[in-house]
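Trainee: I'd like to ask some things about the structure below.
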Amino acid sequence: MSGDESNNISAAQIRDDYDRRMAQAAREGTGESPEVPEGEEENDVEMEEPSAEPTPEAESPEDKAKKRKRQQAIERIKKTKDFARRKARRTGEPDDDDDLLADEMVREKQRPLPGQLENCEICGKRFTVTPYSKTGPAGGLLCADCSKKHAGGEKKAAPKKRSAGIGRRQNQSALLDGLASQGTQSLLETCIKKVAENIADVEEFGDLPPPVMHRLSQILARRRAITSTTLDLFIRPQNREINIYDCAKLDTDDYHKILALMPNLNKLNLRFVTPMKDRIFEYMMERDVPIEHLHLDSPNLVTDEVWRRLFIRLGPRFRSLKLWNLDSAFDDETVEVMARHCTQLQRLKFKHLNKIGDKALEAISTIKTLEHLSLHISQETSAEPLLQIVKELGSNLRSLSLEEFYYADDKLIQLIRENCRHLNKLRLAINAEISDQALATLFRDWSNPPLTFADFHRVRDVDTANPGGPPDPIGLASNGFIELMVHSGSKLRTLNVASCRHISYKAYEEVFAEHKRYPELKYLDIAFNGVVDDYLAQCIFRCCPALTRLVVFGCFKIRDIKIPRGVAVIGTVGARLTIDGITQKELV
1 MSGDESNNIS AAQIRDDYDR RMAQAAREGT GESPEVPEGE EENDVEMEEP SAEPTPEAES
61 PEDKAKKRKR QQAIERIKKT KDFARRKARR TGEPDDDDDL LADEMVREKQ RPLPGQLENC
121 EICGKRFTVT PYSKTGPAGG LLCADCSKKH AGGEKKAAPK KRSAGIGRRQ NQSALLDGLA
181 SQGTQSLLET CIKKVAENIA DVEEFGDLPP PVMHRLSQIL ARRRAITSTT LDLFIRPQNR
241 EINIYDCAKL DTDDYHKILA LMPNLNKLNL RFVTPMKDRI FEYMMERDVP IEHLHLDSPN
301 LVTDEVWRRL FIRLGPRFRS LKLWNLDSAF DDETVEVMAR HCTQLQRLKF KHLNKIGDKA
361 LEAISTIKTL EHLSLHISQE TSAEPLLQIV KELGSNLRSL SLEEFYYADD KLIQLIRENC
421 RHLNKLRLAI NAEISDQALA TLFRDWSNPP LTFADFHRVR DVDTANPGGP PDPIGLASNG
481 FIELMVHSGS KLRTLNVASC RHISYKAYEE VFAEHKRYPE LKYLDIAFNG VVDDYLAQCI
541 FRCCPALTRL VVFGCFKIRD IKIPRGVAVI GTVGARLTID GITQKELV
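Position one of the sequence shown corresponds to residue 1 (the UniProt record's numbering), numbered consecutively onward.
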């Protein structure tokens with residue numbers, strides 16, 4: 001028995017079915033009556049009127065099998081979670097019938113996969129199926145041309161209106177995170193953002209003042225919209241400074257253009273300048289550009305030799321030098337050349353420079369004109385060069401920032417107390433050697449005026465086997481925190497004590513007692529100080545009337561607080577927050 005016969009299919013059956021269908025189609029097309037069998041007279045045959053519907057054609061066994069398989073597929077679809085979800089979305093609509101929905105889902109599963117060939121339902125043209133192929137009126141697929149015509153004739157459904165509560169909740173969340181301001185934005189800020197949104201259509205900025213252009217540069221950098229075309233808007237021959245915070249899409253010609261078209265350039269502030277090479281500095285030296293403030297981030301293709309020539313040629317006029325993220329150049333010898341020739345340098349910042357160490361610090365200690373010093377280098381250094389810097393430069397410093405100097409100890413704190421008399425900013429961060437007793441002694445009756453900026457984040461003991469710390473606390477703990485606020489609380493604007501986990505609950509209660517006030521404190525970071533709870537948070541709000549931002553990551557005891565108008569609370573997890581009478585649960 002052949003394979004076809006085993007499935008109840010034979011050539012004779014197929015031929016008979018075909019002949020029968022053709023004969024019936026011919027009769028329907030010509031209007032002829034059926035033939036009368038031989039041996040019977042036409043008058044003897046009783047003619048019946050044709051019925052309204054033709055007699056249904058008997059289904060073949062293969063049609064029955066297909067129908068049975070399709071019905072089984074529909075029943076399986078009805079039991080799936082996807083079917084339940086789609087039925088819930090369409091409840092109440094005209095086409096929410098279960099069988100129709102299941103049949104539609106079966107057809108979706110049977111449609112050709114992307115990359116396969118299919119005939120267009122409308123025009124019949126053969127085309128390649130893609131993930132974006134449209135479905136026609138009868139459920140088939142459409143080619144690209146028919147898809148456009150079909151889409152043009154359809155009326156777009158009106159967008160669903162979002163619930164008012166959802167928008168209000170998102171607005172309140174933005175307020176809590178400090179991403180939005182309370183009330184209406186100023187006209188200036190609104191105009192700046194509108195210009196940034198349509199920067200591709202702007203031909204020139206006109207007579208915008210430098211502060212507005214600076215703000216535009218910040219917004220465009222955040223949107224990664226600084227290109228060669230956009231850069232032209234910031235280049236003005238009469239301007240003395242340029243600030244571009246994302247140069248990743250610029251090339252060497254763009255840097256040449258800045259130096260060539262701005263002959264009076266005094267301040268050059270460029271971030272992410274990876275394509276900058278030696279010839280840019282050589283061009284700067286050839287034109288003798290009168291730069292006094294040089295701030296560059298990631299100029300890793302500039303060699304040490306060119307850096308040294310730059311300091312020899314232009315160094316005597318430099319007033320500030322800020323460099324970030326250098327890992328392939330700028331070594332100790334380069335810093336020594338800088339220290340010898342930059343005789344008027346007042347502000348110096350080195351952050352994440354990989355090739356400088358103790359010798360570079362010793363060279364920095366010889367720059368007597370420095371008033372602002374910020375160091376965060378990658379190599380581990382000894383304590384002696386830092387002590388030398390504070391001895392030689394401390395009396396002239398207005399700000400001092402030292403991060404990740406692991407070997408700095410109480411001797412450094414003692415020298416700061418003895419030599420520094422004019423500091424308004426002090427940062428001593430990421431250290432596990434400085435003791436709480438030394439910090440308390442520093443601030444107790446210190447002859448230095450009150451600080452406006454204090455940062456002691458991650459100055460604490462890091463022994464995981466003893467999370468409570470040693471008996472004599474390491475880092476900024478209760479006594480040091482109390483003395484800091486007694487000395488500088490009246491003028492502090494920014495305070496960062498993140499991860500100073502040895503500050504006790506009692507110390508917070510004393511610092512933020514009911515009668516205490518810190519009128520200028522705007523930014524406070526107490527992240528990972530686990531003792532802070534709802535009561536202490538409300539005490540902070542009461543004692544700091546000017547507070548605009550409070551960072552509380554890791555303060556899991558903050559569960560239900562009422563936030564004053566205009567304050568951004570950053571880092572709450574699962575807390576019930578109330579702002580302007582609206583309660584919400586912030587999900588992080």
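Cβ coordinates follow ideal geometry from the N, Cα and C atoms, glycine included. The model shown is predicted, which means the values in this text are computed figures rather than measured ones.
Specify, as a first and last residue, the run of the beta strand (DSSP E) that L128 falls within.
Mentor: The question names Leu, but residue 128 is Thr in the sequence shown. Run containing T128: R126 to T128, per the beta strand (DSSP E) assignment.
Trainee: Identify which residue in S499, P545 and L495 has its Cα closest to the Cα of E514.
Mentor: When each option's Cα is compared against that of E514, the closest is P545.
Trainee: Find out if the Cβ-Cβ distance for the pair E104, P112 is shorter than 7 Å.
Mentor: Their beta carbons are not under 7 Å apart, which means E104 does not touch P112 by this criterion.
Trainee: Please check the pair L484 and F443, which I expect to be a contact at CB under 8 Å, by giving their CB distance rounded to whole angstroms.
Mentor: At roughly 5 Å, the Cβ-Cβ gap stays under 8 Å, so L484 and F443 are in contact.
Trainee: Assuming A198 contacts R240 under a Cβ cut-off of 8 Å, what Cβ separation, rounded to an integer in Å, is found between them?
Mentor: What sits at residue 198 in the sequence shown is Asn, not Ala. Incorrect: roughly 28 Å between the Cβ atoms, too far for contact.
Trainee: Would you identify the three-state DSSP class for S51, choosing helix, strand or coil?
Mentor: Because the pLDDT at S51 is just 44, under 50, the model does not fix this residue reliably, and the point stays unresolved.
Trainee: With a Cβ-Cβ cutoff of 7 Å, do H502 and R460 count as a contact?
Mentor: For H502 and R460, yes; Cβs fall inside 7 Å.
Trainee: Taking C-alpha atoms, which residue in L547, F528 and V567 lies nearest to K557?
Mentor: Ranking L547, F528 and V567 by Cα distance to K557 puts F528 first.
Trainee: Out of curiosity, what's the CA-to-CA distance linking C247 and K355?
Mentor: Using only the alpha carbons, I get a separation of about 24 Å.
Trainee: Report back the beta-carbon spacing between L310 and Y283 to the nearest angstrom; my notes put them in contact at under 8 Å.
Mentor: Their Cβ separation, rounded to whole angstroms, is 11 Å, which puts L310 and Y283 out of contact at 8 Å.
Trainee: Have a look at D98 and C120 and give me their C-alpha separation to the nearest angstrom.
Mentor: Straight-line Cα distance between these residues: approximately 28 Å.
Trainee: Let me check understanding here. Comparing Cα to Cα, which of T494, I482, R319 and R271 lies closest to K516?
Mentor: Nearest option by C-alpha distance: I482.
Trainee: Helix, strand or coil for D409, going by three-state DSSP, please let me know.
Mentor: D409: coil per DSSP, three-state reduction.
Trainee: Based on Cα-Cα distance, which residue from N448, L423, V462 and P449 lies nearest to S435?
Mentor: Ranking N448, L423, V462 and P449 by Cα distance to S435 puts V462 first.
Trainee: What are the boundary residues of the alpha helix (DSSP H) that K193 is part of?
Mentor: That run of the alpha helix (DSSP H) goes L187 to E197.
Trainee: Throw me the rounded Cβ distance for the D331 and D304 pair, which I believe falls under 8 Å.
Mentor: 6 Å between Cβ atoms; contact.
Trainee: Which partner residues of W324 appear in the DSSP bridge assignment?
Mentor: Answer is D297 and K351.
Trainee: Do you know offhand how far residue 589's Cα is from P564's?
Mentor: Residue 589 is absent from the structure shown; the chain starts at 1 and stops at 588.
Trainee: Pick helix, strand or coil for L117, following the three-state DSSP scheme.
Mentor: Strand at L117.
Trainee: First and last residue of the beta strand (DSSP E) that includes S401?
Mentor: S399 to E403 is the span of the beta strand (DSSP E), which, as asked, contains S401.
Trainee: Can you tell me where the beta strand (DSSP E) with K267 in it begins and where it stops?
Mentor: Residues K267 to L270.
Trainee: Between which residues of its own chain and W307 is the CB-CB distance below 7 Å, once the five residues before and five after are set aside?
Mentor: Correct list, in chain order: A329, F330 and T334.
Trainee: Just verifying my parser: in three-state terms, what is the DSSP assignment at residue 614?
Mentor: Nothing in the structure corresponds to residue 614, since the chain is present only between 1 and 588.
Trainee: Taking the C-alpha atoms as reference points, what is the distance between I561 and A537?
Mentor: One C-alpha to the other measures close to 7 Å.
Trainee: Distance, Cα to Cα, A138 vs Q116?
Mentor: Each residue's alpha carbon lies about 20 Å from the other.
Trainee: DSSP three-state call for P137: helix, strand or coil?
Mentor: Correct three-state label for P137: coil.
Trainee: Tell me which residues share the same chain as S374 and place their Cβ nearer than 6 Å to its Cβ, disregarding the 5 neighbours each side in the sequence.
Mentor: Cβ neighbours of S374 beyond the five flanking positions: K349 and S401.
Trainee: In terms of residue numbering, what span does the beta strand (DSSP E) encompassing D560 cover?
Mentor: Run containing D560: D560 to I563, per the beta strand (DSSP E) assignment.
Trainee: Using CA atoms only, rank isn't needed, just tell me which of A225, E520 and G480 is closest to L492.
Mentor: Comparing Cα-Cα distances from L492 to each of A225, E520 and G480, the minimum goes to E520.
Trainee: For the beta strand (DSSP E) containing D463, name the first residue and the last one.
Mentor: From DSSP, D463 is part of no beta strand (DSSP E); its letter is neither H nor E.
Trainee: Taking the Cβ atom as the reference point for each residue, do D358 and S382 lie within a distance shorter than 7 Å?
Mentor: For D358 and S382, yes; Cβs fall inside 7 Å.
Trainee: Give a yes or no on whether the C-beta atoms belonging to L423 and A454 are separated by under 7 Å.
Mentor: Going by C-beta atoms, L423 is not nearer than 7 Å to A454.
Trainee: Using only alpha-carbon positions, find the residue among D445, P275 and I219 that is nearest to V256.
Mentor: Here the sequence assigns His to residue 256, which means Val is not the residue at that position. The candidate whose alpha carbon is nearest that of H256 is P275.
Trainee: Going by other Cβ atoms of all chains shown within 10 Å of its Cβ, with 16 needed for buried, is R68 buried or exposed?
Mentor: Classification of R68: exposed, given that the 10 Å Cβ count is below 16.
Trainee: Out of curiosity, what's the CA-to-CA distance linking L393 and P449?
Mentor: Computed Cα separation, rounded: 18 Å.
Trainee: Going by the beta-carbon positions, is the gap between K193 and T227 smaller than 7 Å?
Mentor: No, the pair does not count as a contact, with Cβ atoms beyond the cut-off.
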